[in-house]
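J.: Have a look at this one.
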Amino acid sequence: MSGRSRKYWSQKSLALIATAMLLGCSGTDAEEKPKARDAVPAATIIAQSASQNETLTAAGTVRLRRETELGFTTSGKVSSVGYEEGDRVKRGATLAALDNSTVSADLESAKAERDRAAAEYGRIKSLYADGWVTKARLEQADAALRSAKARVNASGFANRTAHIHAPSNGIILSRNIDVGQIVSAGTTAIVIGETDKGFVLKVPLADAVASRVRVGMRASVTISAISDAAIEAVVSEKDGRADERTGTFEVSFLLPADGRLRSGQLGTVEIEVSRDNDGAIAIPATAIFGVRSGEGLVFVVGKDKKVKTRNVIIGELKDDSLEISSGLVEGDVVVTRGTEKLQDGDVITPISTAK
């Protein structure tokens, strides 16, 4: 190749390289840079503790507040029963009686022995004053007299308790004896409900629930046999120990006076109690996405309004919320609606605060 040809191709190569460089620079400058995403509208909520109040519902049975078991303190033969189950009685009424002929005889015998022992003690005391008997003999006579007096008291008590009297105005709830029946001491003969004390709804509650119920708390009770309308009640009593058979604690809700109330009616109670504070967080179920095997994801909003995905452990599902047992703390701002439009790092525009 001649020198003129080499010069021509050299100039042409330089021109091509320069053109390629210009085209390369032009292409880089012309390429569009990625645009930042616009703020995404999303609803948020401030995460709160799940340990708020909750309403408990339980079933129970209407009872008179005081249902007293009555019986005889001595064994004997029933001579009379004055009332039937369901009868209303007044305070002091004689409900039942034993044949007290034997008891009366015992009382008379005890009185006679007391009189004899008293006379003997007087005689020995006089002899002791004159020096005819020893002090030991005087003490023996004194002991005999005191023993005789004690027997009189015991026989008198048995004679008095051979009759069962109503401790207050009430209703005969149960009658377990009949005339002519031989009963043992301490056996329940009659159960009386004391109407002066009012009616209660007795409700068995598990220990975890009963521990959150306190005397004086107000509740709402519905007794369908009376009305579908709820009536206001108050916690009046709570058992100090659990039932050995069921393991439950019986809680009594005092009911307002109502002539339609009867022992044995069924009712339901609703009472608002505090929940146990176990550190769980409550959020709407709509905030969760990507759920699998008890876990899920939520978008947490930072101070710069940017969202970040966070893994959470899902707890119990409630009527209007979902418990998060791990992954969130109280005060976290969580997206509740619009999660399907979001990516990590997106900026949001809060549209509302949902509960």
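Numbering (this note's numbering), first residue to last: 1 to 355. Ideal placement from N, C-alpha and C gives every residue a C-beta, glycine not left out.
Out of A117, E113, D99, G92, which has the shortest C-alpha to C-alpha gap to H165?
T.: Here the closest residue by C-alpha is G92.
J.: Over what stretch of residues does the alpha helix (DSSP H) that includes G156 continue unbroken?
T.: 135-160 is the extent of the alpha helix (DSSP H) around G156.
J.: Is it true that the region 150-169 meets the region 93-106, where meeting means three or more beta-carbon pairs spaced less than 8 angstroms apart?
T.: Output reads yes: the region 93-106 touches the region 150-169.
J.: Does R123 come out as helix, strand or coil in the three-state DSSP assignment?
T.: Of the three classes helix, strand and coil, the one that applies to R123 here is helix, per DSSP.
J.: Within 10 Å of its beta-carbon, does V301 have 16 or more other beta-carbons around it, so buried, or fewer, so exposed?
T.: Buried, because 16 or more other Cβ atoms sit within 10 Å of the Cβ of V301.
J.: Is it right to say N311 is buried, meaning 16 or more other beta carbons lie within 10 angstroms of its own, or is it exposed?
T.: Label assigned to N311: exposed.
J.: To test your reading of the DSSP string, which unbroken beta strand (DSSP E) runs of 3 or more residues are found completely within the region 208-294?
T.: Fully enclosed beta strand (DSSP E) runs of 3 or longer: 218-222, 231-238, 249-254, 266-274, 281-283, 289-292.
J.: Considering only residues of the same chain and omitting the five flanking positions on each side of K305, which have a CB-CB separation below 7 angstroms?
T.: For K305, where only same-chain residues beyond five positions count, the Cβ hits under 7 angstroms are V347, I348.
J.: Can you check which of these residues, F289, S293, G294, is closest to R337 by C-alpha distance?
T.: It is F289 whose Cα lies nearest to the Cα of R337.
J.: Could you spell out where the beta strand (DSSP E) holding K202 opens and where it closes?
T.: Taken as a continuous stretch (DSSP letters only), the beta strand (DSSP E) holding K202 covers 199-205.
J.: For L359, list the residues DSSP reports as bridge partners.
T.: Because the chain is modelled from 1 through 355, residue 359 falls outside the range shown and cannot be assessed.
J.: Just to confirm my understanding: we take T28, look at its own chain, exclude 5 residues before and 5 after, and list those with CB closer than 7 angstroms. What are they?
T.: Residue placement at T28 is flagged as unreliable, the pLDDT there being 46, under the threshold of 50; the coordinate-derived value follows with that caveat. No residues qualify anywhere along the chain.
J.: Ignoring anything shorter than 3 residues, give me the beta strand (DSSP E) runs that lie fully in the region 45-109, in order along the chain.
T.: Listed in chain order, they are 53-64, 67-71, 76-81, 94-98.
J.: My understanding is that A50 touches D332, with C-beta atoms under 8 angstroms, so please give their C-beta distance in whole angstroms.
T.: That belief does not hold up - the Cβ atoms of A50 and D332 are roughly 13 angstroms apart, past 8 angstroms.
J.: Could you give the DSSP three-state label for A185: helix, strand or coil?
T.: Of the three classes helix, strand and coil, the one that applies to A185 here is coil, per DSSP.
J.: Quick check on P256: buried or exposed, where buried means 16 or more other Cβ atoms within 10 Å of its Cβ?
T.: Exposed, because fewer than 16 other Cβ atoms sit within 10 Å of the Cβ of P256.
J.: Counting pairs of Cβ atoms below 8 angstroms between the region 81-92 and the region 56-64, do you hit three or more?
T.: At 8 angstroms Cβ cutoff, the stretches do not touch.
J.: Have a look at A162 and R116 and give me their C-alpha separation to the nearest angstrom.
T.: Distance between the alpha carbons of A162 and R116: 27 angstroms.
J.: Less than 8 angstroms between the CB atoms is what I'm expecting for T44 and P350, so what's the real figure, rounded?
T.: Sure, about 5 angstroms apart at Cβ, within 8 angstroms.
J.: Can you check which of these residues, V215, A230, V291, is closest to V221 by C-alpha distance?
T.: Nearest C-alpha to V221: A230.
J.: In chain order, what residues of the same chain lie with their CB nearer than 7 angstroms to the CB of I172, ignoring the 5 residues before and after it?
T.: For I172, where only same-chain residues beyond five positions count, the Cβ hits under 7 angstroms are Y83, E84, E85, G86, D87, V89, I190, I192.
J.: Measure the CB-CB distance between V103 and S155 and report whether it falls below 8 angstroms.
T.: Contact: yes.
J.: Between the region 128-148 and the region 173-187, do at least 3 Cβ pairs fall closer than 8 angstroms?
T.: Verdict: no, contact absent.
J.: Tell me which same chain residues have a C-beta within less than 6 angstroms of the C-beta of R66, skipping the five on either side of it?
T.: Cβ within range, chain order: E194, K197.
J.: For A285, collect the residues of the same chain with a Cβ closer than 6 angstroms to its Cβ; drop the 5 residues on either side in sequence, then sort them by chain order.
T.: Taken in chain order, the residues that qualify are L322.
J.: Considering only their Cβ atoms, is the gap separating A219 from E270 smaller than 8 angstroms?
T.: In contact: E270 and A219 (Cβ atoms closer than 8 angstroms).
J.: Taking the alpha carbon of L254 as the point to measure from, which residue in K149, K135, L201 has its own alpha carbon closest?
T.: L254 has its Cα closest to that of L201, out of K149, K135, L201.
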